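Visitor:
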Amino acid sequence: MERTPGICRNGRILNRLRQAAVLCALALVMAGPAVGGPEHELRTGVVDVIKDQLAAFQRDDGKAAFSFASPEVQDQFGTPEAYLSKIATTYRAVYRPKSVMFLNLAFSRGRLVQRVLLVGPDGNPVVALFPMIRMDDGSW
């Protein structure tokens with residue numbers, strides 16, 4: 025049987041090349057925008073707001089968590105207590121994450137959406153979508 029130089033019959037080298045390509049692609053995706061550019065500032069602002077809201081959930085500070093919700097969400101729930109209760113019972117990974125990893129910030133249906141990988145208290149990973157709205161005062 026004739027062998028092609030540099031390629032193993034069982035494909036070990038090919039598998040390693042695939043793994044290296046996947047790792048490189050993942051590194052590029054996770055790297056995000058260049059530090060100091062407008063995209064970096066935008067992402068930093070969005071991430072900071074979400075971190076602050078997650079910290080409010082950790083403290084059971086419904087008033088603070090509710091203050092980060094969009095006007096539409098505030099109208100839907102009416103009170104900080106109702107909002108906190110819904111998050112605590114329905115979105116456990118958001119309410120009490122074991123770990124948080126910010127993924128990509130993208131446009132979806134004309135809105136900025138921050139994807140966040142959360143590991144819930146049960147150990148199950150969840151990708152949460154945080155639609156972001158820029159307020160008239162420039163805040164998120």
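The numbering used here runs 24 ahead of the 1-based position in the sequence shown.
Even glycine gets a Cβ: it sits at the ideal position worked out from N, Cα and C.
Just so we're clear, the structure is a prediction, and the values are computed from it rather than from any experiment.
1. Assuming contact is defined by CB atoms lying nearer than 8 Å, are Ala130 and Tyr119 in contact in what I supplied?
2. What are the boundary residues of the beta strand (DSSP E) that Pro121 is part of?
3. Do you know whose CA, among Pro121, Arg116 and Leu153, lies nearest Ser132's CA?
4. In three-state DSSP terms, what is Arg133?
5. Can you find the residues in the same chain that come closer than 8 Å, C-beta to C-beta, to Val137, ignoring five residues on each side of it along the sequence?
6. Here's the rule I'm using: 16 or more other beta-carbon atoms within 10 Å means buried, otherwise exposed. How should Ala106 be labelled?
Guide: From the atom records:
1. Mapped onto the sequence shown, residue 130 falls at position 106. Mapped onto the sequence shown, residue 119 falls at position 95. No, these two residues do not count as a Cβ contact at 8 Å.
2. Within the sequence shown, numbered from 1, the residue matching residue 121 stands at position 97. Premise fails: Pro121 is in no beta strand (DSSP E) and is neither H nor E.
3. Counted from its first residue, the sequence shown places residue 132 at position 108. Per the Cα distances, Leu153.
4. Mapped onto the sequence shown, residue 133 falls at position 109. Residue state, collapsed to three classes: coil.
5. Translated into positions along the sequence shown, residue 137 becomes position 113. Correct list, in chain order: Leu129, Ala130, Phe131, Leu153, Phe154, Pro155 and Met156.
6. Your numbering for residue 106 matches position 82 in the sequence shown. Answer is exposed; the Cβ neighbour count stays below 16.
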